[in-house]
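Structure first, then comments.
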Amino acid sequence: MSEDTLEEDLMALSEGIDSALAEMCEARIVHTYFDGGNELDETLWQCAAELGWLGIGLPEEYDGLGLGAPGLDLLFRALGSFMAPGAFIPTLSAAQWLAESAAPEVCQTLLPEVVAGACTFAVPLVPGTAPLQLEGSGLSGRPPLMLGSRSATTAIVAIEQAGKPGYAIVPLAAATASFTPTEIWDSTRMAGKYEFSGASPLAVVDDADGAATACLRRWLALATAADCVGGARAITFKTVDYLKERSQFGRSLASLQALKHRIAGLLTRVIQDEALLDQAVASLAGSEPSADMWMNMAKASAGDMFAAVAEDCVQLHGGVGFTWEFDCHIYLKRALFNREIAASSSVLRDLAASQFALSARSGASTAELAL
Amino acid sequence: MILDKVDDEAAFRGALREWLAEIMQADEARLPPKNAKQFNTNQLWWMAERNKVGLGTPHWPKEYGGSDLSLRGQVIIAEEVTRARAPSLGQFTISLNHIPATLMKWGTEEQKKKYLPPVSQGTIWCQGFSEPNAGSDLASVRTRAVRDGDHYVVNGQKIWSSYSMYAKHCILLTRTDPDAPKHKGISFFLMDMDTPGVEVRPLRQANGLDKFGEIFLTDVRIPVENMVGPENEGWAVAQTTLSSERGINSFERHERVRYLMEDFYAASLQSDAAWLKDTAMQREFMQLFAEVQGCRRLMRKLLRATIEKSPIAAQVTPHVKMINTDLRAQVGDFLTRASGPEAQGIVAGFDELSTDPMFTYLTALGGRIAGGSNEIMRNIIAERILQMPKG
Ligand SMILES: Cc1cc2nc3c(=O)[nH]c(=O)nc-3n(C[C@H](O)[C@H](O)[C@H](O)COP(=O)(O)OP(=O)(O)OC[C@H]3O[C@@H](n4cnc5c(N)ncnc54)[C@H](O)[C@@H]3O)c2cc1C
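Residue numbers (this note's numbering), protein chains in the order written: chain D, 763 to 1133; chain A, 131 to 521.
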């Protein structure tokens, strides 16, 4: 696909995504979902399947739209902006991972199901940690906190088989995998703990060189970073609207220079991290060797930024910002949860530092290649 | 009696520790409350226990049920209570600080006799100052009070009134002269919350707790003798009330931040937590710990200045409010990050003793907004302390 047609496709898609989300994820509906009062995650999932969002990044051979990293970036910015609930991050990241890491038969079995909305994933919140032993009798044990819900159909689990690291792709059957949801602060997402007892994997992906971990981390980082910049932009503008509406001391709060500067500073941070994510997405789409380095840094930066921006928006709203009824706390809780996905900011920056060191040692200039 | 030993610091601390060691065996002290209701019951229990040994309202004059305890004595109690990780008296914030400060200066003898002694018996007060359109700009309150014989008839709405759903009484700011300049038409009342026409709707906070509420007032009749200070002088009375916010109460809360950090560090050592191997996190922790210590010094300086009626108090107060509330939020944020993904799950109880990092963090965000937002504190520093022009 040429770059121009990709741009055009993305533009057209973007409008469709925004208008569908504006209707389905209207703030009051999200609040009701947050309090357990509707099943927005499911209706949204159905809608996403119908509109092709679930295959946005996947190759066309698996019924995807073939838009890769730029497509996912666009979708997740929109989902983040509307506080959309559901298993988008684990499922869409796992799907990209499968497409790159798993055998074609496995992809053929699972990916069209993902696109149709019938297959959803549970994945490690932080890939590459605490593997379970995979033995002849199958997979048993409790991995650390996983991203995913009770309705997930397939799990990706870090394993060790005969001393070698890898990932098991495990169909979730009640008899061999029990799920206990964790009540998390951000109730627009779902996470929990599995206990496997002799589950038999559909397939195993080798990770001797760490490539599978890096790949899963990369897609989780992309989805999460995009959610962060989308969310941060949205809550910043909602805060601008609120300050314009609100008067104290006989004048609009938006007319106070101290607050104007604060908000301007927030928007600058958002724009800075959007640009950094653009870099990571472009590098990834161009399969550049520096892609992982940029993505690790983009996720770390966007996660920290979103948390700081959402926190400041609570403050700028005053008392209402501290209530359950306004949007600020939902964005803030999503930001704090996002910060943990893929890996902490410290870990991501350490990874980026070793990647940078590697290219520096080989005499390459990472910044020169990137535009 | 513990208070008999107050002149001998070592003996006083010894007696407090002995009492606290015993009280901390109780279920109410050991098991953190799981929701706002349990918190309420726990608070009543804790006030009753303190009162049994004369520590309900020890800082008040004897004639109103106190023991004339010196500030030094109050500091020691706060230090020992926090050291023991004993509960706070958060629900009695208004009862213990705002009420005595206001009534001592402005109250009639009848008001003092009627309202002060019951506090140690567990009477909860709430503060009905803020309104939907009068937050930072408190002087623009619109809740209307109109004289009708020996009563005032009050109509309006208050918001964000902490613990109003449990309160027996409310300190209420109303407008009595709508034609006067806004600071000159306000009157201050003591209102019984069970008066007909008073309705409270709890509001949930970002931390998940229904700890504050809206108060709707419809033709509420308040007896004339419940006015505090002269009619239309309520703004001056409210200034006295608000100046009591930064007393021993916030000192105690800040002491808890120190223990929160120390306890977290000890637990991290014990579990060999990953963040201990992260140099950047270590440095951040130490910087926060240093700032907490600096703030502890400032708090003591402020308390001393307050008791000596030194002008330094007014200079330090807005700084302390900002530093203290920012630190609590920053520490909460640090603990959340340092605890990793597990901290995203809701784990522990729901009060000042909670060790749930996210709860600590989210709760702390309220502190930056409540009691004069930190932006208003900056205005005060710039305009009143640094004499910079308004605007
Ligand atoms: C946890 C909590 C407990 C509370 N408990 C009580 C209680 O018990 N009783 C009670 O009466 N009230 C209570 N309040 C209300 C509190 O006093 C107000 O929320 C506070 O004064 C801010 O007012 P506001 O919410 O209307 O915000 P606004 O005044 O609307 O302010 C919105 C934002 O604009 C900023 N801002 C406003 N004016 C200026 C300015 N001139 N310059 C720069 N920035 C400005 C503010 O700092 C804030 O960031 C409580 C609030 C909280 C959060």
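Cβ atoms here follow ideal geometry from the backbone N, Cα and C, with glycine treated the same way.
N- and C-terminal bounds of the alpha helix (DSSP H) containing residue i
i: Glu-414(A); result: 409 to 437
i: Leu-246(A); result: Run containing Leu-246(A): none; DSSP gives neither H nor E here.
i: Glu-392(A); result: 378 to 401
i: Ala-275(A); result: Counting along the chain, Ala-275(A) falls outside any alpha helix (DSSP H), though it belongs to the beta strand (DSSP E) covering 274 to 278.
i: Thr-794(D); result: 789 to 796
i: Met-1059(D); result: 1053 to 1079
Option nearest residue i by Cα separation, candidates the options
i: Ile-437(A); options: Pro-326(A), His-189(A), Ser-398(A) and Ala-297(A); result: His-189(A)
i: Gln-257(A); options: Glu-375(A), Gly-462(A), Arg-467(A) and Leu-174(A); result: Glu-375(A)
i: Ile-851(D); options: Gly-1027(D), Phe-883(D) and Thr-871(D); result: Phe-883(D)
i: Ala-920(D); options: Ser-911(D), Ser-1124(D), Val-932(D) and Gly-910(D); result: Val-932(D)
i: Asp-278(A); options: Val-354(A), Thr-490(A) and Ile-476(A); result: Val-354(A)
i: Ile-352(A); options: Ala-512(A), Asp-322(A) and Gly-377(A); result: Asp-322(A)
i: Asp-780(D); options: Ile-1103(D), Ala-846(D) and Pro-963(D); result: Ala-846(D)
i: Ser-843(D); options: Leu-1046(D), Ala-1097(D), Gln-808(D) and Phe-941(D); result: Ala-1097(D)
i: Val-284(A); options: Arg-388(A), Arg-331(A) and Ile-345(A); result: Ile-345(A)
i: Gly-833(D); options: Arg-790(D), Trp-807(D), Gln-808(D) and Leu-984(D); result: Leu-984(D)
i: Ser-940(D); options: Ala-1060(D), Gly-903(D), Pro-821(D) and Glu-788(D); result: Gly-903(D)
i: Leu-246(A); options: Gly-186(A), Lys-520(A), Gly-265(A) and Ala-159(A); result: Gly-186(A)
i: Val-358(A); options: Gly-237(A), Tyr-282(A), Asp-463(A) and Ser-469(A); result: Gly-237(A)
i: Gly-526(A); options: His-299(A), Lys-298(A), Ser-294(A) and Val-271(A); result: In the structure as shown, chain A starts at 131 and stops at 521, and residue 526(A) therefore has no counterpart that could be examined.
i: Ile-946(D); options: Leu-772(D), Gly-910(D), Gly-819(D) and Thr-767(D); result: Gly-910(D)
i: Leu-888(D); options: Ala-961(D), Phe-1099(D) and Trp-807(D); result: The question names Leu, but residue 888(D) is Val in the sequence shown. Nearest option by C-alpha distance: Phe-1099(D).
i: Cys-787(D); options: Ser-899(D), Leu-813(D), Met-1057(D) and Thr-805(D); result: Thr-805(D)
i: Leu-827(D); options: Ala-878(D), Ser-1045(D), Ser-1014(D) and Met-1055(D); result: Ala-878(D)
i: Leu-934(D); options: Gly-960(D), Tyr-824(D), Ser-949(D) and Glu-922(D); result: Gly-960(D)
Cα-Cα separation between residue i and residue j, rounded to whole angstroms
i: Pro-441(A); j: Tyr-1093(D); result: 43 Å
i: Phe-318(A); j: Glu-785(D); result: 47 Å
i: Ala-996(D); j: Pro-360(A); result: 49 Å
i: Trp-859(D); j: Trp-981(D); result: 7 Å
i: Thr-1085(D); j: His-1091(D); result: 7 Å
i: Leu-199(A); j: Gly-502(A); result: 29 Å
i: Met-488(A); j: Leu-775(D); result: 37 Å
i: Gln-895(D); j: Gly-925(D); result: 9 Å
i: Thr-466(A); j: Gln-423(A); result: 21 Å
i: Thr-325(A); j: Pro-262(A); result: 22 Å
i: Cys-977(D); j: Glu-862(D); result: 8 Å
i: Asp-134(A); j: Ala-208(A); result: 17 Å
i: Gln-173(A); j: Gln-221(A); result: 7 Å
i: Trp-815(D); j: Ala-410(A); result: 39 Å
i: Ser-1116(D); j: Thr-891(D); result: 19 Å
i: Ala-459(A); j: Val-387(A); result: 10 Å
i: Leu-146(A); j: Asn-356(A); result: 38 Å
i: Lys-955(D); j: Asn-504(A); result: 40 Å
i: Lys-242(A); j: Val-249(A); result: 11 Å
i: Arg-434(A); j: Ser-1106(D); result: 43 Å
Extent of the continuous beta strand (DSSP E) run through residue i
i: Pro-886(D); result: 883 to 886
i: Ile-918(D); result: 916 to 923
i: Val-283(A); result: 281 to 292
i: Tyr-491(A); result: From DSSP, Tyr-491(A) is part of no beta strand (DSSP E) but of the alpha helix (DSSP H) over 487 to 499.
i: Trp-255(A); result: 255 to 258
Cβ of residue i within 9 Å of any chain B Cβ
i: Ser-1124(D); result: Structure shown: chain B not included; protein chains present are D and A.
Contact between the region 206 to 220 of chain A and the region 296 to 309 of chain A is defined here as three or more beta-carbon pairs at a separation below 8 Å; is this criterion met?
With a cut-off of 8 Å, the region 296 to 309 of chain A and the region 206 to 220 of chain A do not count as touching, because too few Cβ pairs lie within range.
What residues in the region 938 to 970 of chain D bring their beta carbon closer than 8 Å to a beta carbon of chain A?
Listed by position, the residues of the region 938 to 970 of chain D near chain A (Cβ gap below 8 Å) are Thr-944, Glu-945, Ile-946, Trp-947, Asp-948 and Ala-953.
Near-chain A residues of the region 1046 to 1068 of chain D (beta-carbon distance less than 9 Å), N- to C-terminal order
Within the region 1046 to 1068 of chain D, no residue has a Cβ lying closer than 9 Å to any Cβ of chain A.
Using a Cβ cut-off of 8 Å, which residues of the region 407 to 439 of chain A contact any Cβ in chain D, in chain order?
So the close ones are Asp-408, Ala-410 and Met-411.
Identify each residue in the region 331 to 359 of chain A for which the Cβ-Cβ distance to at least one residue of chain D is less than 7 Å, and report them in chain order.
Flagged, chain order: Leu-333, Arg-334, Gln-335 and Ala-336.
Do the region 903 to 915 of chain D and the region 875 to 890 of chain D touch if we need at least three Cβ pairs shorter than 8 Å?
Contact between the region 903 to 915 of chain D and the region 875 to 890 of chain D is present: 3 or more CB-CB pairs across the two stretches fall below 8 Å.
At a Cβ cut of 7 Å, what residues of the region 1005 to 1016 of chain D count as close to chain A, listed as they run along the chain?
Residues passing the 7 Å Cβ filter: Gln-1010 and Phe-1011.
Does the region 444 to 463 of chain A come into contact with the region 493 to 508 of chain A, if we say contact requires no fewer than three beta-carbon pairs (one atom in each stretch) closer than 8 Å?
A contact exists between the region 444 to 463 of chain A and the region 493 to 508 of chain A.
At a Cβ cut of 7 Å, what residues of the region 992 to 1003 of chain D count as close to chain A, listed as they run along the chain?
Taking 7 Å as the Cβ-Cβ cut-off against chain A, none of the residues of the region 992 to 1003 of chain D qualify.
Does the region 228 to 238 of chain A come close enough to the region 267 to 283 of chain A to have 3 or more Cβ pairs within less than 8 Å?
The answer is no - the region 267 to 283 of chain A does not touch the region 228 to 238 of chain A, with fewer than three Cβ pairs under 8 Å.
For the region 458 to 471 of chain A, enumerate the residues whose C-beta is nearer than 8 Å to any C-beta of chain D, in chain order.
Along the region 458 to 471 of chain A, going in chain order, the ones with a CB nearer than 8 Å to a CB of chain D are Ala-459, Asp-463, Thr-466, Arg-467, Gly-470 and Pro-471.
Going along the region 496 to 511 of chain A in order, which residues come within less than 7 Å of chain D, judged by CB to CB distance?
The region 496 to 511 of chain A vs chain D, Cβ under 7 Å: Gly-496, Arg-498, Ile-499, Ser-503 and Glu-505.
Would you say the region 1061 to 1074 of chain D touches the region 1004 to 1019 of chain D, given that touching needs at least three Cβ pairs under 8 Å?
Verdict: no, contact absent.
Three or more C-beta pairs closer than 8 Å, one from the region 1037 to 1049 of chain D and one from the region 984 to 1004 of chain D: is that the case here?
The answer is yes - the region 984 to 1004 of chain D touches the region 1037 to 1049 of chain D, with three or more Cβ pairs under 8 Å.
Closer than 9 Å, Cβ to any Cβ of chain D: which residues of the region 288 to 303 of chain A, in chain order?
Of all residues in the region 288 to 303 of chain A, the ones placed with a Cβ closer than 9 Å to any Cβ belonging to chain D are Ile-289 and Trp-290, in chain order.
Listed from N- to C-terminal order along the chain, which residues in the region 882 to 901 of chain D have their beta-carbon within a distance smaller than 7 Å of any beta-carbon of chain A?
Hits within the stretch, in order: Leu-887 and Val-888.
Anything in the region 969 to 989 of chain D with a Cβ closer than 7 Å to a Cβ of chain A? List those residues in chain order, please.
Within the region 969 to 989 of chain D, no residue qualifies.
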